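See below for the structure under consideration.
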Amino acid sequence: MYAVKVSRSVQREKMAKTDTRTQSLIESLGVIRMIKLFSWEKPTKERIREKRATELKWLFKKKVVSFYGSFECTLTFFPGLRYDHGPLKVRNMPWHVLPS
Numbered sequence: 693m694y695a696v697k698v699s700r701s702v703q704r705e706k707m708a709k710t711d712t713r714t715q716s717l718i719e720s721l722g723v724i725r726m727i728k729l730f731s732w733e734k735p736t737k738e739r740i741r742e743k744r745a746t747e748l749k750w751l752f753k754k755k756v757v758s759f760y761g762s763f764e765c766t767l768t769f770f771p772g773l774r775y776d777h778g779p780l781k782v783r784n785m786p787w788h789v790l791p792s
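In the numbering used here, the protein residues as written are 693 to 792.
Next comes the structure, spelled out in structure tokens:
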């Protein structure tokens with residue numbers, strides 16, 4: 693449950709950063725003639741590059757949280773599966789004594 697909550701908040705932050713970068717690109721493309729006229733290519737490129745770097749940091753955080761969530765699910769689901777439904781059922785083990 694905790695992993696889902698954290699994943700949701702990280703996803704929201706990542707999407708906010710993506711929206712910010714996309715908006716900057718749209719603005720830059722809208723005024724591309726002015727950017728070329730005043731030679732603002734380098735500052736514009738740096739501004740977009742910084743926003744992309746921030747977005748990639750949030751993407752990495754999202755992947756880490758997603759991995760943690762899937763790992764947590766694996767730890768809680770598979771141990772029960774091994775003993776209840778797997779080929780080596782506990783009651784079929786030769787060392788296991790069944791109650792009479």
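Every residue, glycine too, gets a C-beta built ideally from N, C-alpha and C. Since the model is a prediction, treat every value here as computed from it, not as a measurement.
{"Item": "Three-state secondary structure (DSSP) at residue 694?", "Value": "helix"}
{"Item": "In angstroms with no decimal places, state the Cα-to-Cα distance between residue 718 and residue 696.", "Value": "32 Å"}
{"Item": "Residue 713 and residue 743: beta carbons closer than 8 Å?", "Value": "yes"}
{"Item": "Measuring straight from C-alpha to C-alpha, what distance separates residue 740 and residue 698?", "Value": "27 Å"}
{"Item": "For a quick check, are the C-beta atoms of residue 710 and residue 738 less than 8 Å apart?", "Value": "no"}
{"Item": "How many angstroms separate the CA atom of residue 733 from the CA atom of residue 721?", "Value": "11 Å"}
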